[in-house]
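With my numbering as the guide, the letters of the sequence shown map in order to residues 1 to 253.
Cβ coordinates follow ideal geometry from the N, Cα and C atoms, glycine included.
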Amino acid sequence: MVKPEVVAYLSANLKKHPIDELRRQLGVEGVSEVDFDDSLKAAMHSPTTAALGREAPSRASLVFLVAGVLLVAAAAAYMTLRREPPPAPPPSTTVISATGESAFVGNTGYVVRLPKSYEAIAAFKDEKRTTEVVHFCRTGTDPTNFLHKGLFGQLGIVRLEVRPNPFAQSLSGLERLARGVTAEHAARGDKFAVKNVQVSSLRGVQVATELPEPGVETFILGEAVMYDFYGGADDDVYRDIVNSLRDPHAETL
């Protein structure tokens, strides 16, 4: 049976004391279990208890809440407007001829023929895109291997750096290049050999190093850029890649 006085008491004390404690206290005062349960249900649904359970937010709280929502929405809209569209992926620089041969076309228009089952992975060293770095490797080669020159010979990797030709205005550019390469390796104490080379109509210098690490590097002087090839060995793959170079300013491709 619902007892109004018990309902009023419970409504005022439900938030202050556990229900079991209230049940025990009212039981001592003569309220039966049935009356307590009926009155408890009524108290739980009374407007007073409901108001105690969830206090209405103050006007200031509502103002701050609305202001916060508006600020978040404004910030999201602003960032959306400022967000630049993602850069378009660079166009493919590998072309395939009618005979099935593939070639890499570099940033300045030069062309290098790719050996069978090879691909070219290109990037730039600087934001101004003045130095292009290309790794010629077997399809599927892990790019982390590009960091270890000692693996180039074993994995058949050839690296090419294309940068502005520092000897473009010099009549003795080839001689100066040869002297610079020789001096650099001599200063390091390398065991090496230097010779002049020619690729199509372009001239250059090649240095083969035996110690401390075997490798071969070929510098080719173009009209506007210098081509710097590096490989782990002077083998067929390396020679095919280097000798296939065609400079757009030097000859008809």
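I'd like to know whether the C-beta atoms of residue i and residue j end up nearer to each other than 8 Å.
{"i": "Gln206", "j": "Lys191", "result": "no"}
{"i": "Ala123", "j": "Val133", "result": "yes"}
{"i": "Pro166", "j": "Thr130", "result": "no"}
{"i": "Leu14", "j": "Ser39", "result": "no"}
{"i": "Ala183", "j": "Ala224", "result": "no"}
What whole-angstrom Cβ distance do residue i and residue j have, given they're in contact under 8 Å?
{"i": "Leu155", "j": "Phe136", "result": "Contact doesn't hold; Cβ gap of about 11 Å is too wide."}
{"i": "Ala186", "j": "Pro214", "result": "That belief does not hold up - the Cβ atoms of Ala186 and Pro214 are roughly 18 Å apart, past 8 Å."}
{"i": "Gly222", "j": "Ala250", "result": "6 Å"}
{"i": "Val158", "j": "Phe104", "result": "With a Cβ gap of about 11 Å, Val158 and Phe104 do not count as contacting."}
{"i": "Gly109", "j": "Pro248", "result": "4 Å"}
{"i": "Pro115", "j": "Asp240", "result": "6 Å"}
{"i": "Glu101", "j": "Arg113", "result": "7 Å"}
Taking the beta strand (DSSP E) that residue i falls in, what are its first and last residues?
{"i": "Tyr118", "result": "Tyr118 to Phe124"}
{"i": "Thr209", "result": "Leu202 to Leu211"}
{"i": "Ala103", "result": "Ser102 to Val105"}
{"i": "Val112", "result": "Val111 to Leu114"}
Please confirm whether any heavy atom of the ligand COA lies closer than 7 Å to the CB of residue i.
{"i": "Asp35", "result": "In terms of ligand content, the structure shown is empty, and the ligand COA therefore cannot be addressed."}
Between the Cα of residue i and the Cα atoms of the options, which residue gives the shortest distance?
{"i": "Tyr118", "options": "His249, Tyr9 and Tyr238", "result": "Tyr238"}
{"i": "Ala43", "options": "Glu29, Ile157, Leu22 and Val225", "result": "Leu22"}
{"i": "Asp35", "options": "Asp247, Thr141, Pro248 and Lys3", "result": "Lys3"}
{"i": "Val242", "options": "Ile220, Pro166 and Gly106", "result": "Ile220"}
{"i": "Met1", "options": "Leu10, Leu14 and Glu33", "result": "Glu33"}
{"i": "Gly180", "options": "Gly204, Asp38, Val31 and Val199", "result": "Gly204"}
{"i": "Lys125", "options": "Thr182, Asp240, Leu211 and Asn107", "result": "Asn107"}
{"i": "Gln198", "options": "Thr218, Val162 and Ala183", "result": "Thr218"}
{"i": "Arg138", "options": "Phe152, Gln169, Gly27 and Leu26", "result": "Phe152"}
{"i": "Asn145", "options": "Glu127, Ile121, Val162 and Asp37", "result": "Ile121"}
{"i": "Leu245", "options": "His148, Ser200 and Thr209", "result": "Ser200"}
{"i": "Met226", "options": "Arg188, Gly173, Pro18 and Ala208", "result": "Gly173"}
{"i": "Gly189", "options": "Glu210, Ser170 and Val31", "result": "Glu210"}
{"i": "His148", "options": "Gly140, Gly231 and Ala12", "result": "Gly231"}
{"i": "Glu29", "options": "His45, Thr141, Glu5 and Ala12", "result": "Glu5"}
{"i": "Gly150", "options": "Arg24, His45, Glu175 and Val216", "result": "Val216"}
{"i": "Ala8", "options": "His45, Val162 and Asp20", "result": "His45"}
Over what stretch of residues does the alpha helix (DSSP H) that includes residue i continue unbroken?
{"i": "Met44", "result": "Glu33 to Met44"}
| request: Can you check the stretch 133-217 for any beta strand (DSSP E) of at least 3 residues that lies completely inside it and give the ranges in chain order? | output: 158-164, 191-199 and 202-211
| Taking only runs of the alpha helix (DSSP H) that begin and end inside the stretch 223-252, which ones reach a length of at least 4 residues, in chain order? | 236-243
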